[in-house]
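One structure is given here, and the rest of the page talks about it.
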Amino acid sequence: MIGSNSKKPSVIGIDYLDIQPILGVSFLKMNFLDKKAPETLLTILGDKPNIIVSDMAAPTTGHKGTDHLRTAHLCEAAADFAISCLKIKGHFLAKTFQGGTENRLLNLLKSNFKSVHHIKPRASRSQSVELYLLAQERK
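Structural data, given as C-alpha cells:
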C-alpha cells in the first residue's frame, strides 16, 4: 500500500453485488444504505479508519436529474459515515455526479475537513458528469 505507515493495512470493501475476490481485501456483501452497514464495517475494521474511498454510483436511468440525485444521496451517506468515524486528519474520496445539488455536500465537507477539492479523472470522458471529491485532514 503506497504511503501506508501501517505494518498491517486493512482494506474492506462493501457492495450489494458479488465481486471477484481481491487478495488482501475483506469483502462485505451488503447495501451500504442498510442501517447495519456502518456498524458492521467498523466491527470488521476494529478501529477508526484513516481513509475512506467511495466509488458508489446508483444504476443510471438515462434521466440526468434522477441519476444525479440518486448518486448524490450515496455520496452524502458515505460522507456522513466518514465524518462520523474517520480518525482525526483522515481522508475521504468519493465519486459524485455534477448536477446542481453539490453545494450542501461541499459545505458539509468543508466544515469537517481542512481542504476539499474536485477531481476529474483523466480516464473520465470530457462530457461525463462524473467527478470525485477529495476531502483531506478531518478536523
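Residue numbers (our numbering): 864 to 1002. Where is the CB? At the ideal position from N, CA and C, for every residue including glycine.
Helix, strand or coil at residue i [DSSP, three-state]
i: LEU949; result: coil
i: GLU993; result: strand
i: GLY866; result: Only weak support exists for where GLY866 lies, its pLDDT of 43 falling under 50; the value from the coordinates is given anyway. Three-state result, GLY866: coil.
i: SER889; result: strand
i: LYS973; result: helix
i: ARG988; result: coil
Selected residue, minimal CA-CA separation from residue i, among the options
i: THR934; options: PRO922, LEU956, TYR879 and ASN966; result: PRO922
i: GLY963; options: PRO901, LEU932, PRO984 and ALA945; result: LEU932
i: LYS977; options: PHE944, GLU1000 and LYS927; result: GLU1000
i: LYS973; options: THR929, LEU997, TYR879 and ARG988; result: LEU997
i: HIS981; options: SER991, LEU971, SER989 and ALA957; result: ALA957
Contact check, residue i vs residue j, beta carbons under 8 Å
i: ASN894; j: GLY953; result: no
i: ALA942; j: PHE960; result: no
i: LEU891; j: ILE882; result: no
Contact belief for residue i with residue j at Cβ below 8 Å, rounded distance in angstroms
i: LEU896; j: ALA940; result: 6 Å
Ranges of the alpha helix (DSSP H) found wholly within the segment 910 to 956, counting only runs of at least 4: 927 to 948
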